Each structure stands twice: as C-alpha cells, then as structure tokens.
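Numbering (this note's numbering), first residue to last: 18 to 386.
Now the structure itself:
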C-alpha cells in the first residue's frame, strides 16, 4: 500500500472515533420525559439509514447493548458492526450477544476473538447443527431430534441502554442494508424510544437465560490459537478504516445523525404512542403438541389479527406460504367482506431504483462494469 493511502486510511480511522462530548442521554434529553410514559415509534425504511442508526447508537451507548439475531455475517456490514461493538466494550459498555446457531456465517475464530474481549459475552441459540460440532453430530441431531434441531430463533432486536430499540426484519449482512452490489433485500425496521423498550428487554432476557442459549466458549471443542494476543483486533480496525470497506458517505450520515434526529422529531414522523405491543415467540416456541413446527405466540397473534379484522388486511412479505389453516382464515375474512391485499416486489422491478439507498445508487452509477 502506498504512503498516501496509509495516511488517507489513518485520517478516515480517526474520523470514525466517537465524539466524547456526545452521549445517548444528552441527545435524548429533549424527549426523556415522554419516554417515561410513552413509546416513540419511527420507521427505518432504507438500508443505510438503518445501519447508520445502529452504528450511531453503538457509538454513543453508555451502559449496555443487547443484540439478538438469526443471521450475523462477517461481510462488510458484520465486520463494521464488530468494530463498533468492540470500541463500545472498550469504553465499559456491557455487550450481550445472542445469535442462532444454524446460520452463523462467521469463522469460529472471529466469534471466539469477539467473545474474549472484556465486557462482551456471546451466546449461541440451540447449538449442535453448525458451530463446534462435526458433521456426524449434526446429522445425528437432525436425524434423531429433528424437532429440536428445527427450533430456530428468528428474533432481530438491538437494545441500547435499555431505552432505545431497533427491531424488524433485518439481519446483519450486506444484503440487508443496501451494501451488496449484486442484490439487496427490501426490508423494514422500527426504532422504538422509551416505554416499549422494557418489553423487548424482557424478551431478550428470556432468551438469554434460556437453557437453549449456550455460551460460545462452552460449545467449541477446539479453541483457535492465539485468541488472546494483544493485536488480534488490529486487522479488524484497519479493515474498517479503509474507505473502500466503510463508505465515507455512510460515515458522514453517522456524524450528522444528531441534527438528523432533530429533524425527525420535528417532522411528525416520530409518533408517540401510549401503548406498543411487542410480540415474540418464547424460547423453544412450543411443546411439540402441534407437530414439528407448530404455533407459537406470534402465530396466535397473527390468527387473532385476521379473525378480528374489521375492514382490510394488507400483507407485505418476502414469501407467503399458506397452510390449510391460513387459507381458511383468509376465506372466512373475505366472506365477512374484508378486503385483502398482498404485496410482492419483483427482483427486476423498476420501482427498486426509487427505494434503493442513495449511497448504493451513487456507488453503482460510478462503478465500472
């Protein structure tokens, strides 16, 4: 690498360090009284905006960060997230991290390194089919105990200081945040401020304390070498210091988020509600009396919503697989006069250019093919 490039990366790295004069409490001081009795709700539509929110919250967390995901990849988005979380832990923030075992798209070295950092604890949900087991053990679990192996955790929650939450459809991978040049999922997240955070935290704690969640150090048969070397995170820091990996446009949005938040507060798009219901299946989901998959809390909630609809049902989903029960529910709803609309985006739809994150759009326009 040329000296000029090294200097450029060093300047960029310095610029992504947090502003010590800013804290989450300070930025939320104007709405702190509202947060005691109500929940602020704001929709996170575009991918980079949702990434910016997570990174800024991590950068300004003061006490704790609780994270729960079905997929966590060590691509650009995942490595940037790791770096931010390590920096937060180094400031004394307690990081608790749960990820489902079946789709941990990360080298075990990364996970062990990450969990070895002070103030960071990593748990794997329902292990035995991916990490820490050989192929024969995986086959055995799927063959002899398919129901247990099939009990996955699809929750996606990000909780900061017990008072700010991001939840919704996004896992941690490039394609969930408009960071992939080949394809990106159209997803949606919700930012919650205040009262409802307690409900989400209670759900997280239920999974954290479940017997199905195992400390990553307890399920790895062979530990990678040199996991406690002092410079084990240097390569990660250098990676995220490279503007080619961490786009400057995204960094600029993170830096300007406090002023953006003021704009959001004044726009009317941040809605304050007396009551927000957070729905999550319990660990293990069900007792097996309803078959291999079976219903859980979320299934019951959806059924009740369809049954109690008064005028319309609108569904936006990446896939809709209907069972006989679902078809009967929809038929009964239609027979009652309920209008049902189901949305689906084609991968080649012209609409995609309208909803694509601006940074990705610009990047692709100026990238030679």
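Glycine included, C-beta positions come from ideal geometry on N, C-alpha and C. Quantities reported herein were computed from a predicted structural model and do not represent experimental measurements.
Alpha carbon to alpha carbon, what distance is there between residue 226 and residue 170?
14 Å
Taking residue 211 as part of the beta strand (DSSP E), name the residues at either end of that continuous run.
206-211
Spatial distance of residue 183 from residue 354 (CA atoms):
35 Å
Residue from 174, 302 and 75 with nearest C-alpha to residue 116:
174
Bridge partners of residue 81, per DSSP?
111
Could you say if the region 186-204 and the region 315-322 meet the contact criterion of at least three C-beta pairs nearer than 8 Å?
no
Determine the closest residue to residue 50 out of 109, 211, 39 and 172, with distance taken between C-alpha atoms.
211
Distance between residue 215 and residue 269 (C-alpha atoms, nearest Å):
31 Å
Which same chain residues end up closer than 7 Å to residue 18 when comparing Cβ atoms and leaving out the 5 residues on each side of it in sequence?
Reliability of the predicted coordinates at residue 18 is poor, the pLDDT of 39 falling under 50, and the value obtained from them is presented with this limitation in mind. Same-chain partners within the cutoff: there are none.
To the nearest angstrom, how far is it from the Cα of residue 41 to the Cα of residue 348?
48 Å
Please look up how many angstroms separate the CB atoms of residue 191 and residue 92, rounded, as I've assumed it's under 8 Å.
5 Å
Coarse secondary structure for residue 177, derived from DSSP in three states:
strand
Counting only runs that start and end within the region 250-292, where is the beta strand (DSSP E) found for 3 or more residues in a row?
288-290
So what's residue 309 in DSSP terms, helix, strand or just coil?
Reliability fails at residue 309, whose pLDDT of 42 lies under 50, so the model's placement of it is uncertain and the value that follows must be treated cautiously. Coil at residue 309, not helix or strand.
Provide the residue(s) that pair with residue 360 in DSSP beta bridges, ordered along the chain.
333
Beta-carbon proximity of residue 189 to residue 88, cut-off 8 Å
yes
Determine, using beta carbons only, whether residue 337 and residue 359 come nearer to each other than 8 Å.
yes
What span of residues does the alpha helix (DSSP H) with residue 127 cover, start to end?
125-133
DSSP three-state label for residue 315, please.
helix
Under DSSP, the beta strand (DSSP E) around residue 141 begins and ends at which residues?
137-142
Could you name the residues of the same chain whose beta carbon sits closer than 6 Å to that of residue 307, not counting the 5 residues immediately before and after it, in chain order?
Low confidence applies to residue 307: its pLDDT is 48, below 50, so where it sits in the model is not reliable enough to give any reading.
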